[in-house]
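Here is the structure we will look at.
Numbering (my numbering), first residue to last: 296 to 534.
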């Protein structure tokens, strides 16, 4: 079953969120400290991913072009609207702070769990070789992260399990076709630059968690697709 890894990953997020919901009655000062630790950890992860780029100029170009596209279609606003719709669907009475928390939980969780090399490589391994070990490892990590996020951002984190499952599941289902069409060296280059771009996005999420400044990370998501296009064009016409 090609999608078992994606399914386990999604379930781990659900379980982690429910456990985090049970632990929500922690002192406020502890919640603040936990969120600061989460922010620092996410920033560190983003830096590690960013340094895996082989050509950082591609990362810069992808982010610049992707930001223009993202701002034009305003993905950040659409994701937050989706979070608010989910809240109104499941809870009839919420104050503004809780609404913000659910939207932020959904958006932040989705971005953290979807962006990164482990999601891509793990899904490819599941589809091509039937090896789910990478996604199982990611599931453990995501479950723990979702627990911590839920203690501060609320139950909205649980809904990020859906896009995670769909994203990884679709890649796994089409992995055989991808492997047959895309040469291994090109795939390696794509993964490296997508990881680099994803690292910058993860870094931005960490900055948001620390409330240093507010970055519309979702509006930078097109950068990932732009990175793929640039690598393919470079590989096709300049190598």
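Note that CB positions come from ideal geometry on N, CA and C, so glycine has one too.
Around the beta carbon of residue 517, 16 or more other beta carbons lie within 10 angstroms, which makes this residue buried.
In this structure, residue 298 lies away from residue 456, with their beta-carbon atoms at least 7 Å apart. In the same chain as residue 429, and ignoring 5 residues on each side of it, the C-beta atoms closer than 7 Å to its own belong to 413, 416, 417, 420, in chain order.
Counting only runs of 4+ residues, the alpha helix (DSSP H) found wholly inside the region 472-525 occupies 479-504, in chain order. Per the Cβ contact rule, the region 471-480 is not in contact with the region 351-365 (fewer than 3 Cβ pairs under 8 Å). The C-alpha of residue 531 lies about 16 Å from the C-alpha of residue 486. Exposure of residue 317 is indicated by the presence of fewer than 16 other C-beta atoms within 10 angstroms of its C-beta. The three-state reading of DSSP puts residue 458 in helix, counting H, G and I together. Measuring C-alpha to C-alpha distances from residue 501 to each of 368, 444, 425 identifies 444 as the nearest.
For residue 298, no alpha helix (DSSP H) encloses it, and the DSSP letter there is neither H nor E. The alpha-carbon of residue 433 is positioned some 26 Å away from that of residue 506. Residue 341 and residue 498 do touch by the CB rule: their CB atoms are close to 3 Å apart, below 8 Å. Sequence-distant Cβ neighbours of residue 495 in its own chain, meaning closer than 7 Å and more than five residues away, are 341, 345, 354, 358. Following the DSSP letters along the chain, one finds residue 437 inside the alpha helix (DSSP H) bounded by residues 428-448.
Judged by DSSP secondary structure, residue 354 falls within the alpha helix (DSSP H) whose first and last residues are 351-368.
Taking 8 Å as the upper bound for CB-CB distance, residue 300 and residue 467 are in contact here, some 7 Å apart.
By the Cβ neighbour-count rule, residue 463 is buried, with 16 or more other Cβ atoms within 10 Å of its own.
In the three-state reduction of the DSSP assignment, residue 305 falls in the helix class.
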